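Residue numbers (our numbering), protein chains in the order written: chain C, 14 to 484; chain P, 58 to 265. Below is one structure, written out as structure tokens, with a few remarks after it.
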């Protein structure tokens with residue numbers, strides 16, 4: 014498919030596009046009323062990357078029967094698709110009801126289908142959606158009881174691209190929103206061939222406590238006791254475990270692993286002495302790498318969780334700092350930061366500690382200190398932050414050719430972590446005045462605030478949350 | 058030796074009484090000038106003895122109090138000295154932004170003093186906790202705080218203090234002394250703190 018078919022070329026479409034823009038605020042404010050806990054979409058706030066509007070396919074979420082559950086499903090889907098940044102969302106005047114064609118009497122069309130049937134027939138008005146600028150349309154329709162069907166229509170092909178049926182949905186259950194997020198990701202995958210990231214969570218620390226929040230900013234929940242000294246939380250694979258450090262008053266720190274399935278919190282052996290922090294799970298979840306600060310400096314260690322043995326020392330810093338390990342998605346390499354050549358810079362090594370080398374190039378004495386490397390889930394990019402004129406800014410490195418480019422410039426931006434789609438990055442920023450968590454789309458530069466929790470720091474984004482894992 | 062006086066008086070009274078035995082019946086009880094005088098003498102002598110005993114007791118008590126005071130004074134002196142040394146130990150070392158080297162001048166003086174204290178008190182065990190200001194990366198600051206503790210420790214171990222006497226810790230930027238966001242606050246927060254972990258009950262001043 015070429016870009017051409019995404020362009021809106023008719024006068025009618027441009028007309029609707031401008032009215033769409035005019036109505037963005039209306040759509041946003043009605044969403045705020047529907048979901049008070051959801052931060053509003055930060056329209057038009059971008060990180061300063063060249064962005065060409067109109068190259069993305071138009072997406073229309075159709076209205077339909079005014080049933081409370083379906084409305085909340087539509088709201089979640091619409092927001093997820095908006096947050097995917099892969100579509101030009103089409104908002105319409107007068108609310109949703111104007112656009113969905115639900116024909117209760119099929120005989121109006123004069124055809125001979127389903128004689129005497131009283132069931133509504135869904136009339137998909139492809140030509141109208143195309144006129145509105147939509148390349149895709151989504152309908153949410155009720156089946157029976159608490160089940161419903163989500164259809165993705167390819168407007169120009171005039172066909173149903175994907176159908177997802179959800180049964181026995183309880184809007185009050187904790188798993189409801191995540192189930193809808195999974196539908197959103199299926200729609201993104203179907204429409205673009207790319208992964209979504211709606212069904213994922215971000216852990217972070219605020220005032221010594223670990224919190225988790227869904228990718229859309231909803232579902233905030235505490236994951237460690239209040240009044241604690243939690244530090245550097247990270248997800249295990251499949252979003253089933255979280256490892257974090259509990260700092261002791263005396264300056265040591267132990268690592269605990271919290272398991273959602275069992276609710277157990279277990280001390281990682283050997284971490285009850287010295288200061289142990291900045292953990293990283295291997296992609297298969299068997300190994301936990303972490304930093305230990307002690308009399309020999311700060312070094313990387315690995316503990317085999319699967320075999321419950323074998324503390325392995327990965328670096329011998331000789332008083333230099335080796336901090337913040339993160340595995341490559343294939344598990345074969347570990348990136349980390351080290352002060353071995355002076356200011357902290359980004360290094361890489363095999364996961365057994367051999368072959369340590371500089372990863373992100375820098376000019377000695379010129380380039381600012383670099384920290385907190387994060388490997389994109391597709392393995393292609395590395396995000397980190399670097400000191401630019403006294404402020405931390407986000408940087409991206411192309412892993413294949415090690416080209417580095419700056420991603421942010423406003424305020425102070427640090428501690429990047431990748432969403433499962435390898436396109437969005439959550440980070441800590443002072444751009445709003447206080448430190449908060451934000452999400453940036455590295456393709457368009459659009460940013461939004463993730464959660465309105467004060468003093469939020471050290472975000473870590475999960476892999477897709479599996480169906481079996483329903484905390 | 059004057060204590061013998063009441064005894065001799067008593068003996069003579071007994072002798073007089075036995076000499077009268079078998080004689081005419083004793084006169085009816087009444088004021089007998091002799092016995093009155095003897096009784097008076099006896100009382101006087103008892104009072105005198107009592108006074109003497111009191112005076113001796115008071116002297117002894119005074120001596121004991123003085124001894125107690127002397128001991129208390131010396132204990133207070135030891136305590137005062139220990140506290141003074143503890144105060145010296147709790148004085149902090151400060152650092153430049155993102156640095157862990159010991160700055161020549163005030164900070165080396167602070168560490169030289171600690172060195173002298175450690176040499177004068179071989180059983181003393183210390184813990185050095187490094188801290189950072191809020192500006193660095195959260196995780197990196199743990200390592201930086203640790204490095205500040207390590208470099209403070211190295212100053213001491215390079216000058217003869219056993220490595221086992223000093224352990225290193227870090228709280229990164231998690232425990233600011235000053236919650237402000239100014240250069241002054243940051244400078245105060247970039248520090249190494251020193252804590253006694255053993256052998257600190259009685260401390261002597263270096264050079265004593």
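Note that beta-carbon positions come from the ideal geometry of N, C-alpha and C, so glycine has one too. In this text the structure is predicted, and so the values were computed from the model without any measurement.
Quick one: list the residues of chain P neighbouring residue i, beta-carbon separation under 8 Å, in chain order.
i              : result
residue 308(C) : 207, 210, 220, 224 and 225
residue 290(C) : 196 and 199
residue 350(C) : 197
residue 332(C) : 204 and 207
Could you round the C-beta distance between residue i and residue j to whole angstroms and report it? I think they count as a contact, below 8 Å.
i              : j              : result
residue 98(C)  : residue 459(C) : 6 Å
residue 260(P) : residue 138(P) : 7 Å
residue 448(C) : residue 465(C) : Contact doesn't hold; Cβ gap of about 12 Å is too wide.
residue 562(C) : residue 340(C) : Any property of residue 562(C) remains undetermined from this structure, which presents chain C solely from 14 to 484.
residue 262(P) : residue 142(P) : 6 Å
residue 71(C)  : residue 146(C) : 4 Å
residue 283(C) : residue 257(C) : The pair is not a contact, with the Cβ atoms about 16 Å apart (cut-off 8 Å).
residue 201(C) : residue 179(C) : Not confirmed; about 17 Å, so no contact.
residue 165(C) : residue 203(C) : 6 Å
Show which residues of chain C have a CB atom less than 8 Å away from the CB atom of residue i.
i              : result
residue 195(P) : 244, 245, 428, 470 and 471
residue 216(P) : In chain order: nothing, as chain C lies at least about 17 Å away.
residue 228(P) : 260 and 264
Does the Cβ of residue i have 16 or more other Cβ atoms within 10 Å, making it buried, or fewer, making it exposed?
i              : result
residue 64(C)  : With a pLDDT of 45 at residue 64(C), under the threshold of 50, the predicted position of this residue should be treated as unreliable, though the coordinate-derived value follows. Classification of residue 64(C): exposed, given that the 10 Å Cβ count is below 16.
residue 280(C) : exposed
residue 468(C) : exposed
residue 159(P) : buried
residue 377(C) : exposed
residue 123(C) : Confidence is the limiting factor: at residue 123(C) the pLDDT is only 41, short of 50, which leaves the residue's position unreliable, though a coordinate-based value still follows. Exposed, by the Cβ-count rule.
residue 382(C) : buried
residue 238(P) : exposed
residue 229(P) : buried
residue 285(C) : exposed
residue 374(C) : exposed
residue 103(C) : buried
residue 125(C) : Note that residue 125(C) scores a pLDDT of 41, beneath 50, so its modelled location is shaky; the value from the coordinates is reported in the next line. The residue is exposed, with fewer than 16 neighbouring Cβ atoms inside 10 Å.
residue 438(C) : buried
residue 156(P) : exposed
residue 406(C) : buried
List the residues of chain C whose Cβ lies closer than 7 Å to the Cβ of residue i, in chain order.
i              : result
residue 186(P) : 264
residue 248(P) : Correct list: empty, because the minimum Cβ distance to chain C is about 13 Å.
Output the distance between the C-alpha atoms of residue i and residue j, rounded to the nearest integer angstrom.
i              : j              : result
residue 217(P) : residue 295(C) : 43 Å
residue 200(P) : residue 125(P) : 53 Å
residue 475(C) : residue 289(C) : 22 Å
residue 250(P) : residue 82(C)  : 58 Å
residue 431(C) : residue 442(C) : 15 Å
residue 542(C) : residue 218(C) : Nothing about residue 542(C) can be reported from this structure: the residues present for chain C run from 14 to 484 only.
residue 140(C) : residue 150(C) : 11 Å
residue 168(P) : residue 298(C) : 46 Å
residue 480(C) : residue 319(C) : 23 Å
residue 192(C) : residue 271(C) : 23 Å
residue 309(C) : residue 325(C) : 15 Å
residue 347(C) : residue 212(P) : 34 Å
residue 323(C) : residue 445(C) : 45 Å
residue 129(P) : residue 101(P) : 41 Å
residue 206(P) : residue 262(C) : 15 Å
residue 215(C) : residue 233(P) : 27 Å
residue 345(C) : residue 209(C) : 25 Å
residue 241(C) : residue 167(C) : 51 Å
residue 235(C) : residue 273(C) : 13 Å
residue 450(C) : residue 190(P) : 21 Å
So residue i contacts chain C; which residues on that side make the cut at Cβ distance below 9 Å?
i              : result
residue 231(P) : 221, 242, 244 and 260
residue 160(P) : Under the 9 Å cutoff, chain C gives no residues; its nearest Cβ is about 18 Å from residue 160(P).
Who does residue i pair with in a DSSP beta bridge?
i              : result
residue 487(C) : Not covered by the structure: residue 487(C). The range shown for chain C is 14 to 484.
residue 149(C) : 72(C) and 167(C)
residue 406(C) : 399(C)
residue 219(C) : 222(C) and 469(C)
residue 104(C) : DSSP output for residue 104(C) lists no bridge partner at all.
residue 210(C) : BP columns for residue 210(C) are empty, so no partner.
residue 334(C) : 311(C)
Run the proximity test for residue i: is its beta-carbon closer than 8 Å to any non-hydrogen atom belonging to the ligand ADP?
i              : result
residue 117(P) : You won't find the ligand ADP in this model; it holds no ligand whatsoever.
Report the neighbours of residue i on chain P: residues whose CB is nearer than 9 Å to its CB, in chain order.
i              : result
residue 437(C) : In chain order: nothing, as chain P lies at least about 21 Å away.
residue 304(C) : 196, 199 and 200
Name, please, each residue of chain P whose Cβ falls closer than 7 Å to the Cβ of residue i.
i              : result
residue 357(C) : 197
residue 384(C) : 194 and 197
residue 336(C) : 196, 197 and 200
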